[in-house]
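>
2 protein chains.
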Amino acid sequence: MRPAKLTDSVQRGQILAAAEAEFAARGYHKTSMAAIAKACEISPAHLYNFFTGKTEIALELATQIGAAVSARVRRKTARVDGPVEEKIRAFLLFDLQETYSVLDKSPGLIDFFAIILEKHPEIANAFLATNRDALVEVLYQGIADGVLKLAEPQFTAECIQAATIKYRYPQWTSALTLRELELELTGLVHILLRGIMNTGDSH
Amino acid sequence: MRPAKLTDSVQRGQILAAAEAEFAARGYHKTSMAAIAKACEISPAHLYNFFTGKTEIALELATQIGAAVSARVRRKTARVDGPVEEKIRAFLLFDLQETYSVLDKSPGLIDFFAIILEKHPEIANAFLATNRDALVEVLYQGIADGVLKLAEPQFTAECIQAATIKYRYPQWTSALTLRELELELTGLVHILLRGIMNTGDSH
DNA sequence: TTACTGAATAATAAACGTAATATTCAATGA
DNA sequence: TCATTGAATATTACGTTTATTATTCAGTAA
Chain D
554 MRPAKLTDSV QRGQILAAAE AEFAARGYHK TSMAAIAKAC EISPAHLYNF
604 FTGKTEIALE LATQIGAAVS ARVRRKTARV DGPVEEKIRA FLLFDLQETY
654 SVLDKSPGLI DFFAIILEKH PEIANAFLAT NRDALVEVLY QGIADGVLKL
704 AEPQFTAECI QAATIKYRYP QWTSALTLRE LELELTGLVH ILLRGIMNTG
754 DSH
Chain L
554 MRPAKLTDSV QRGQILAAAE AEFAARGYHK TSMAAIAKAC EISPAHLYNF
604 FTGKTEIALE LATQIGAAVS ARVRRKTARV DGPVEEKIRA FLLFDLQETY
654 SVLDKSPGLI DFFAIILEKH PEIANAFLAT NRDALVEVLY QGIADGVLKL
704 AEPQFTAECI QAATIKYRYP QWTSALTLRE LELELTGLVH ILLRGIMNTG
754 DSH
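Protein chains in written order, with my numbering: chain D, 554 to 756; chain L, 554 to 756.
1. Would you list the residues sitting across from L701(D) in a DSSP beta bridge?
2. Using a Cβ-Cβ cut-off of 6 Å (strictly less than) and excluding sequence neighbours within five positions of Y653(D), which residues of its own chain qualify?
3. Between E638(L) and the rest of its own chain, which residues show a CB-CB distance below 6 Å, the 5 nearest in sequence each way excluded?
4. Nearest chain D C-beta to F680(L) closer than 8 Å, yes or no?
5. Quick one: Cα of E671(L) to Cα of Y581(D), how far?
6. Name, going along the chain, the residues of the region 718-735 of chain L whose beta-carbon falls closer than 8 Å to a beta-carbon of chain D.
7. If we ignore side chains and look at the alpha-carbon of each, how far apart do A574(L) and F666(D) end up?
8. With respect to the alpha helix (DSSP H) encompassing K672(L), which residues constitute its N-terminal and C-terminal limits?
9. Label H756(L) either buried or exposed according to how many other C-beta atoms from any shown protein chain fall within 10 Å of its C-beta, with 16 as the threshold for buried.
10. Is L741(D) close to chain L, meaning its C-beta is less than 8 Å from at least one C-beta of that chain?
11. Looking at M586(L) and the ligand GTP, is the gap between the Cβ and the nearest heavy atom below 7 Å?
12. Give a yes or no on whether the minimum CB-CB distance between R747(D) and chain L is below 8 Å.
13. Quick one: list the residues of chain D neighbouring A715(L), beta-carbon separation under 7 Å, in chain order.
14. With a threshold of 16 other CB atoms inside 10 Å of the CB of K640(D), please say whether the residue is buried or exposed.
15. Count the other CB atoms, across all protein chains shown, that sit within 10 Å of the CB of Q707(L); report buried if there are 16 or more and exposed otherwise.
16. Round the Cβ separation of L688(D) and M750(D) to the nearest angstrom and send it over; I've been treating them as touching at under 8 Å.
17. Please name the residues in the region 661-688 of chain D whose beta-carbon is closer than 7 Å to at least one beta-carbon of chain L, in chain order.
18. Compare the beta carbon distance of C712(D) and G740(L) with 8 Å and say whether it is the shorter of the two.
19. Does DSSP put Y601(D) in a helix, in a strand, or in coil?
20. So, G748(L) versus G748(D), is the Cβ gap smaller than 8 Å?
21. Which chain D residues sit within Cβ distance under 8 Å of E711(L)?
22. Suppose you measure from the CA of H743(D) to the CA of A704(D); what does that come to, to the nearest Å?
23. Please confirm if F708(D) has its CB atom under 8 Å from at least one CB of chain L.
24. In chain D, what lies closer than 9 Å to I696(L) by C-beta?
25. Quick check on the DSSP output: what are the complete beta strand (DSSP E) runs of length 3 or more inside the region 716-744 of chain D, in order along the chain?
26. Judging by CA-CA distance, which residue of R625(D), I589(D) and R632(D) is the nearest neighbour of D648(D)?
27. Kindly say whether H756(D), judged by its beta-carbon, lies nearer than 8 Å to any beta-carbon of chain L.
28. Taking a cut of 8 Å between CB atoms, which residues from the region 585-603 of chain D lie near chain L?
29. Select from the region 629-643 of chain D all residues with a C-beta closer than 8 Å to any C-beta belonging to chain L, and list them in chain order.
30. Could you tell me which whole alpha helix (DSSP H) segments of length 4 or greater appear in the region 576-645 of chain D?
31. Return helix, strand or coil for I713(D), following the three-state DSSP convention.
32. Checking 8 Å against the spacing of the C-beta atoms, do I568(D) and F604(D) come in under that value?
33. From the beta carbon of I744(L), is the nearest beta carbon of chain D less than 8 Å away?
34. Take I610(L) as the anchor and find which of Q564(L), Y720(L), S659(L) and T717(L) has the nearest alpha-carbon.
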């Protein structure tokens, strides 16, 4: 059993940081508990005082990375000033960029996420839910401003996520450059925005 | 070398039909050339007088199934009378239904397509292109009617395909029932239609 | 000549043993 | 007492051998 100690939180963070570096460099399967332990200067056995196993480390790391992406997208979107439609557009573009950059900078992370998401799709669902909440927030803002008219903002957000899911999965995005993806997504967002705006007029 | 004979065409069809039954029942890898040959009452060696190998059979079959789906969707859409927006809506719903039914009725075909599409994505691209052509046709009809205003119908069709790609891949659709998928797609199509229509007003 | 096959060969997948790794736990030292 | 570990055990990945399957081709019968 893991003893609940004050130092736990910092140690868990340390372990997760070490694990992230290893996973990013080598992928999931080629990263050993021994390697993670060594990076933390502890024995492999001691890792089990903080996590129930490799799976828990991976799950918590994936959740953490997902949360960080969501937070960055939300923060960058908040900084956008302009009409609500610009915020939505920015939100979806930022989302693509963040997803792309996370996977692009570390080859191992593609492998890592592929394995995690196959065995634990609930992680992806949790990420999508968090992400959707941020989108719903912006949608409500648009409704308050009178720019959007939506009967069910929650459902609308689900639809928008469904429409843009392509840009979250490397299996499709990897064939295209970020620029090409942005171009296509911009076109799609243009349609989606017209579709949810109160007036049918665009630019 | 394959001898070019009159009988070839019928035999190739026979082989493809037998192969489809085998693949549908057992998936790609567990279907042997011997089994296909047996179903055709010929020797395995004779298969090579009609196809260069197992891969060619699979590719041609996948192409054929894709073309059949496209054709059915196109035909059913043509039968829809009503405003163009109804045709588009119908087109996208039919597409979902056809894709779903093809994969739903034979467990082996999911495996089959997964393998084919991973090694030969050009098959998927060809299918999408054919399918897009049908969509573009409807879009032009809408433009002629004055219902749609689109600068680049081709690009618009690409965007719509990107938005609805989720409904073509079992990895996501398999978790949901056809009814749930239809509901979500209907919501999405509603947005997309408003997005491309000349007037921002919906029903 | 040609559609067709059996037997030979090449490629691929399955089975299996082995090595590496994940996980547990009794023991230790601070 | 409790954070920590070394050594024991259980899993899992890896490489190698074996069996199955794909493919070729010389040959046969119609």
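Here a beta-carbon is modelled for each residue, glycine too, at the ideal position from N, C-alpha and C.
Reading it off the structure:
1. M750(D)
2. L731
3. L746
4. no
5. 21 Å
6. I718, K719, W725 and A728
7. 35 Å
8. From DSSP, the alpha helix (DSSP H) with K672(L) extends over P660 to K672.
9. With a pLDDT of 35 at H756(L), under the threshold of 50, the modelled position of this residue cannot be trusted; read the value that follows with caution. Under this definition H756(L) is an exposed residue.
10. Answer yes: the Cβ-Cβ gap between L741(D) and chain L drops below 8 Å somewhere.
11. Annotation note on the ligand GTP: not contained in the displayed structure, which lists no ligands.
12. yes
13. K719, E737 and L741
14. buried
15. Q707(L) counts as exposed, since fewer than 16 other C-beta atoms from the protein chains shown sit within 10 angstroms of its C-beta.
16. In fact, because the Cβ distance is near 15 Å, the residues do not count as touching under 8 Å.
17. Answer set for the region 661-688 of chain D: empty.
18. yes
19. Here Y601(D) sits in coil by DSSP.
20. yes
21. E737 and G740
22. 20 Å
23. yes
24. Simply none; closest approach about 15 Å.
25. none
26. R625(D)
27. Confidence at H756(D) is low in this model, with a pLDDT of 36, below 50, so the placement of that residue should be treated as unreliable; the coordinate-derived value is given next. False, the Cβ-Cβ gap to chain L never drops below 8 Å.
28. For the region 585-603 of chain D, there are no residues whose beta carbon sits under 8 Å from a beta carbon of chain L.
29. none
30. Runs of the alpha helix (DSSP H) inside the region 576-645 of chain D: 586-593, 597-600 and 607-632.
31. helix
32. yes
33. yes
34. The shortest C-alpha separation from I610(L) is found at Q564(L).
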